[in-house]
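Participant:
This is the structure in structure tokens:
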């Protein structure tokens with residue numbers, strides 16, 4: 001059985017502003033492809049590179065640090081704070097989260113948030129920018145859908161209308177400034193690990209290997225973990241909670257995604273600060289938010305409540321449907 005959803009029209013109006021706002025230019029598309037493909041090529045080359053030249057502990061340490069640092073910038077900052085308002089943050093932390101999230105090289109903060117809010121508004125339906133279910137349910141359609149959800153959607157010309165989906169960020173002078181600084185932060189996230197690698201080892205070769213592992217490979221790994229939440233976590237896994245879409249909890253990605261792969265739990269209660277709501281569900285992002293709360297840097301945190309979870313829980317017979 002194969003069903004196909006029509007693509008949304010650029011002039012469609014479901015609210016005060018259209019869903020889409022113009023198209024990416026040739027230059028913008030070229031940059032998107034560059035940022036997506038070059039780190040991926042480094043990831044593909046990682047095994048022969050390690051086999052031929054080895055992998056030092058300095059490179060491993062730098063890669064792990066910058067992966068964790070920028071991943072939490074996306075999960076805690078871009079996603080749970082800016083997109084969903086799971087907590088309130090003081091100005092300094094708000095700016096820091098925007099900066100660190102931008103260093104993940106997944107796009108400027110305003111565009112990222114606008115795309116993700118649009119995803120939740122139309123999850124797995126017409127209008128969702130990266131649903132794997134837009135082309136049907138047959139094997140070929142799902143393969144096409146997986147590619148589209150994972151990274152293919154980024155290579156399309158349509159642009160989400162930030163005026164409609166992220167007006168609060170556009171009204172924030174600090175966030176607009178960080179948004180404009182995305183090219184500078186992209187250079188920084190690539191150059192800083194290389195500089196540190198060179199200084200720690202006191203060698204040019206140390207700078208080269210740190211650039212390869214802690215810049216390019218690290219960026220690629222985080223790209224594909226994040227994109228797997230869009231693709232895999234809407235196709236495979238458990239669905240214990242009622243949601244309007246096909247989001248699923250996929251435990252193998254829980255550590256690498258810092259808790260983002262508890263995706264069915266998230267879609268059932270999008271503004272909740274913790275996605276791993278059940279015992280044993282590791283959620284590093286939620287733990288960091290808890291630390292920020294104890295330090296007084298964030299407040300009004302929306303922690304999970306038993307009554308909200310109980311209301312969303314499916315009947316036992318349908319837990320694994």
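In UniProt numbering, the protein residues as written are 1 to 321. Note that beta-carbon positions come from the ideal geometry of N, C-alpha and C, so glycine has one too. Note that the structure is predicted; figures quoted are calculated from it, not measured.
Per the contact definition of three or more C-beta pairs closer than 8 Å, is the region 177-195 in contact with the region 213-226?
Facilitator: Taking 8 Å as the limit for Cβ pairs, the verdict is that the region 177-195 does touch the region 213-226.
Participant: Could you tell me whether the region 239-248 touches the region 264-279, where touching means 3 or more Cβ pairs closer than 8 Å?
Facilitator: Yes, the region 239-248 touches the region 264-279.
Participant: Determine the direct distance from the alpha carbon of residue 209 to that of residue 96, and round the result to whole angstroms.
Facilitator: Distance between the alpha carbons of residue 96 and residue 209: 28 Å.
Participant: So who's on the other strand from residue 17, going by DSSP bridges?
Facilitator: Residue 17 is not bridged to any residue.
Participant: Using DSSP with H/G/I as helix, E/B as strand and the rest coil, what is residue 238?
Facilitator: In this structure, residue 238 counts as strand in the three-state DSSP scheme.
Participant: Using 10 angstroms around the beta-carbon of residue 25, count the other beta-carbons present and answer buried if the total reaches 16, otherwise exposed.
Facilitator: Result: exposed.
Participant: How close, in whole Å, do the beta carbons of residue 135 and residue 127 come, if the pair is a contact with beta carbons under 8 Å?
Facilitator: Their Cβ separation, rounded to whole angstroms, is 15 Å, which puts residue 135 and residue 127 out of contact at 8 Å.
Participant: Which residue marks the beginning of the beta strand (DSSP E) containing residue 159, and which one marks its end?
Facilitator: 158-160 is the span of the beta strand (DSSP E), which, as asked, contains residue 159.
Participant: Would you identify the three-state DSSP class for residue 134, choosing helix, strand or coil?
Facilitator: Residue 134: coil per DSSP, three-state reduction.
Participant: How would you label residue 80, buried or exposed, when you count the other beta carbons within 10 angstroms and need 16 or more for buried?
Facilitator: Buried, since its Cβ has 16 or more Cβ neighbours within 10 Å.
Participant: From the beta carbon of residue 203, is the nearest beta carbon of chain C less than 8 Å away?
Facilitator: In summary, chain C is missing from the structure at hand, where a single protein chain is found.
Participant: Could you name the residues that DSSP lists as bridge partners for residue 34?
Facilitator: Partner(s): none; residue 34 has no beta bridge.
Participant: Who pairs with residue 96 in a beta bridge, going by DSSP?
Facilitator: DSSP, once it has assigned bridges, lists no residue as partnering residue 96.
Participant: Between residue 71 and the rest of its own chain, which residues show a CB-CB distance below 6 Å, the 5 nearest in sequence each way excluded?
Facilitator: Around residue 71: 222, 258.
Participant: List the endpoints of the continuous alpha helix (DSSP H) containing residue 264.
Facilitator: Per DSSP, residue 264 belongs to the alpha helix (DSSP H) from 263-268.
Participant: For the region 107-116 and the region 166-182, state whether three or more C-beta atom pairs, one from each stretch, are separated by less than 8 Å.
Facilitator: They touch, by the three-pair rule.
Participant: Rounded to whole angstroms, what is the Cα-Cα separation between residue 173 and residue 163?
Facilitator: Their Cα atoms are separated by approximately 15 Å.
Participant: With a 10 Å radius around its C-beta and 16 neighbouring C-beta atoms as the bar for buried, classify residue 107 as buried or exposed.
Facilitator: Buried.
Participant: Quick one: using the 10 Å Cβ neighbour count with 16 as the cut-off for buried, is residue 67 buried or exposed?
Facilitator: Answer is buried; the Cβ neighbour count reaches 16.
Participant: Report yes if the CB atom of residue 58 is closer than 8 Å to the CB atom of residue 200, and no otherwise.
Facilitator: Yes; because the gap between Cβ atoms is below 8 Å, this pair is in contact.
Participant: Which first and last residues belong to the alpha helix (DSSP H) in which residue 293 is found?
Facilitator: Note, residue 293: alpha helix (DSSP H), 284-295.
Participant: Name, in chain order, the residues that DSSP records as bridge partners for residue 23.
Facilitator: For residue 23, which the question treats as bridged, DSSP gives the partners 158.
Participant: Residues in the same chain with beta-carbon distance under 7 Å from residue 50, minus the five sequence neighbours each way, listed in chain order, please.
Facilitator: Cβ within range, chain order: n/a, list empty.
Participant: Classify residue 250 as buried or exposed, calling it buried when 16 or more other Cβ atoms lie within 10 Å of its own Cβ.
Facilitator: That one is buried.
Participant: When you compare only the Cα positions, how much space is there between residue 73 and residue 271?
Facilitator: So the alpha carbons of these two residues sit roughly 17 Å apart.
Participant: Rounded to whole angstroms, what is the Cα-Cα separation between residue 165 and residue 204?
Facilitator: Cα to Cα, the separation comes out at about 45 Å.
Participant: Going by CA-CA distance only, name the one from 52, 283, 167, 277 that's closest to residue 306.
Facilitator: Looking at the Cα atoms, 277 is the closest of the given residues.
Participant: Just verifying my parser: in three-state terms, what is the DSSP assignment at residue 55?
Facilitator: Of the three classes helix, strand and coil, the one that applies to residue 55 here is coil, per DSSP.
Participant: Please check the pair residue 151 and residue 227, which I expect to be a contact at CB under 8 Å, by giving their CB distance rounded to whole angstroms.
Facilitator: That pair is a contact at about 6 Å.
Participant: Looking only at its chain, what residues have a beta carbon closer than 6 Å to the beta carbon of residue 5, apart from the 5 residues adjacent to it on each side?
Facilitator: A caution first: residue 5 carries a pLDDT of 36, below 50, which makes its placement in the model too unreliable to give a value.
Participant: Using the three-state DSSP reduction, which class does residue 45 fall into: helix, strand or coil?
Facilitator: Helix, per DSSP.
Participant: Please report how far the alpha carbon of residue 298 lies from the alpha carbon of residue 53, in whole angstroms.
Facilitator: Each residue's alpha carbon lies about 45 Å from the other.
Participant: What does the alpha-carbon distance come out to for the pair residue 310 and residue 238?
Facilitator: Taking the straight line joining both Cα atoms gives about 17 Å.
Participant: Under the assumption that residue 315 contacts residue 281 (Cβ atoms under 8 Å), give the Cβ distance between them as a whole number of angstroms.
Facilitator: Not confirmed; about 21 Å, so no contact.
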